[in-house]
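A short write-up of the structure that comes next.
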Amino acid sequence: MVTSGYTDTRLLINGEWCDAASGKTLDVINPATGKAIGKVAHAGIPDLDRALAAAQRGFEAWRKIPAN
C-alpha cells in the first residue's frame, strides 16, 4: 500500500498548486527500502513552459526594484 506523508503532491506554478497538465504522476521511492511511499505530479513541457513564463514575469518585476 502506498501512503504519502506529503501535504501536497501537485506542482507549484505562479503561486498556485496545480496538477500536471498531462495528469501523470510519479512514484516517490524510499531509497532505503525501494518501496513506493507516495506519488507526485510529473511535470511535462507544458508545465515547464508555464513555470518559466511565471518566473520571467517575476524577474521583470523584481529587476526594477532598487537594492537599497
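Each residue of the sequence shown is one higher than the one before, starting from 0 at the first, in numbering that gives the first Met the number 0. Glycine residues also receive a C-beta, built at the ideal position from the N, C-alpha and C atoms.
Cβ distance (whole Å) where residue i is taken to contact residue j below 8 Å
| i | j | result |
| --- | --- | --- |
| Cys17 | Leu25 | Actually they are not in contact, since the Cβ atoms of Cys17 and Leu25 sit about 16 Å apart, beyond 8 Å. |
| Gly43 | Ala19 | 6 Å |
| Asn13 | Ala40 | Between Ala40 and Asn13 the Cβ distance is about 15 Å, and since that is not below 8 Å, they are no contact. |
| Thr8 | Lys34 | Not really, about 17 Å apart at Cβ, beyond 8 Å. |
Continuous beta strand (DSSP E) stretch holding residue i: start and end
| i | result |
| --- | --- |
| Gly37 | Ala35 to Ala40 |
For residue i, the three-state DSSP class (helix, strand or coil)
| i | result |
| --- | --- |
| Asp26 | strand |
| Ile12 | strand |
| Met0 | Bear in mind that the predicted position of Met0 carries a pLDDT of just 49, short of 50, making it unreliable; the figure below should be weighed with that in mind. In this structure, Met0 counts as coil in the three-state DSSP scheme. |
Element boundaries [alpha helix (DSSP H), containing residue i]
| i | result |
| --- | --- |
| Ile44 | Ile44 to Trp61 |
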